[in-house]
Amino acid sequence: MLTNNVRRVGLSVAVVAALTSVAACGGSDDGGSKGGGKKESAGRSVTKVDPIAALVAVQKKTGQAQSARIEGNTAMGSAMSMKQAGVLDWSDGVTGSMKITYTGGTMADAMKQAGGSGTMEARYFKDGYLADMGEAMAQQTGGKRWISYSYDDLEQMAGASGAALKDQMQNSTPEQGVKSLLASGDVKKVGQEDVRGVSTTHYAGTVDVAALTAKNSSLSADELDAFKKQLADAGISTETVDIWVDDNDLLVKKTERGQMKTGELNSTVYYSDYGTKVSVERPPADQTVDFMELMKQQQGAAS
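For the sequence shown, position 228 (counting from the first letter as 1) is numbered 237 according to my numbering, and the numbering increases by one without interruption.
And the structure:
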């Protein structure tokens, strides 16, 4: 039971990092669906401006910023809902740390079954990420509360979707959210809106998830075919991506909306403090256990 819960929580941690930056089968703005929804929908229907040149500048400027503070929330049907906050640096691969709080769904249940409080820390490095599973985990693993997942582990945990997620994690930066809109072929300028007191320009488009993954990933033909089948089985085809950009051509907010068989996919991410210093340390070795090694130990104990 512990191994299954750890596997699911580990995958959700990876999903959170991917959703902060790219169109990764997710997305919606819970704020936009309430107070701001009417304004945004109305603007989208009446404003038609070619935004390509503007978005190219935004992609470049956001990519050059190299780091930012990130805050957001994610919901993936009945699987999970969560809040996340932290900092990411993409100057040399993706590094950073995120505080993640599970607020519902099967992932929250998995955390409780594993003895967790529902809140955890994830630390991201070029070669993988680590998740702090808490004191309950440490009591079962000889004091090792941190589980280390290499990006290669993703493929073993989730097959073709893991290969796609590995590719996204290793190449994810906030500018990729802009890139996904540019690649969609369905981009429009919605209008001017304030986001948390900042004047921004709102752009929107619809993304074909499988087509975008095929265009931007390094997956093999077989991996792409398998990934497309998994998307079809999950009922995922397209998602709506909205971004808000400030006067300095920096991404301020990104939302993604989609539909799957188990319910709606939603993601809202806010970006601020571009250029902030990001310093992330690996946990002590005596508090860390490798995920694949943990699986072997659990399987051995069960046999």
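Glycine residues also receive a C-beta, built at the ideal position from the N, C-alpha and C atoms.
If you look at Gln-93, you'll find it isn't in any alpha helix (DSSP H); it sits in the beta strand (DSSP E) that goes 89 to 98. In terms of CA proximity to Val-103, Pro-183 leads the group Ser-281, Leu-303, Trp-155, Pro-183. Within a 10 Å sphere around the beta-carbon of Gly-81 sit 16 or more other beta-carbons, which makes this residue buried. Contact annotation: Val-287 and Gly-72 have beta-carbon atoms that are not nearer than 7 Å. CA-CA distance, Glu-248 to Lys-263, rounds to 13 Å. For Met-146, the CB contacts under 6 Å within the same chain, skipping 5 residues up- and downstream, are Arg-154 in chain order. Shortest Cα-Cα distance from Gly-137 to any of Ser-126, Gly-95, Ser-157 involves Ser-157.
Around Ala-66, the same chain offers Asp-258 as residues with beta carbons nearer than 8 Å, after the five sequence neighbours per side are excluded. Residue pairing of Leu-139 in beta bridges, as defined by DSSP: Arg-132, Ser-157.
Of the other Cβ atoms in all chains shown, 16 or more fall within 10 Å of the Cβ of Ala-140; this residue is therefore buried.
Lys-70 carries a helical assignment under DSSP once its states are collapsed to helix, strand and coil. Relative to Asp-251, the option among Ile-109, Ser-87, Gln-201 whose CA is nearest is Gln-201.
Around the Cβ of Gln-185, a 10 Å sphere holds 16 or more other Cβ atoms; the residue is buried. Note on Glu-265: 16 or more other CB atoms within 10 angstroms of its CB, so buried under the neighbour-count rule. Residue pairing of Ile-61 in beta bridges, as defined by DSSP: absent, with no partner found. Nearest to Ala-192 by C-alpha distance, out of Ala-88, Ile-109, Gly-214, is Gly-214. Between Val-289 and the set Thr-112, Val-96, Ser-189, Asp-118, the nearest pair of CA atoms involves Val-96. Nearest to Lys-305 by C-alpha distance, out of Thr-150, Tyr-212, Leu-190, Arg-291, is Thr-150. For Ser-126 and Gln-296, the gap between their C-alpha atoms comes out near 18 Å. Straight through space, the alpha carbons of Arg-291 and Glu-130 are spaced by roughly 12 Å. Put simply, the backbone Cα of Asp-282 is about 12 Å away from that of Asp-98. For Gly-151, no alpha helix (DSSP H) encloses it, and the DSSP letter there is neither H nor E. In the DSSP assignment, the residues bridged to Arg-266 are Thr-249, Asn-275. With at least 16 other beta carbons inside 10 angstroms of its own, Pro-60 counts as buried. Burial state of Gln-93 is buried, judged by a 10 Å Cβ sphere holding 16 or more other Cβ atoms. Distance from the CA of Ser-90 to the CA of Ala-62, rounded to the nearest whole angstrom, comes to 35 Å. Sorting Ala-117, Phe-134, Leu-260, Lys-188 by C-alpha distance to the C-alpha of Tyr-160 places Phe-134 at the top. Contact check for Thr-209 against Val-254 passes: the beta carbons are separated by less than 7 Å. In the assembly as shown, Arg-132 is a buried residue. Its beta-carbon has 16 or more other beta-carbons within 10 Å.
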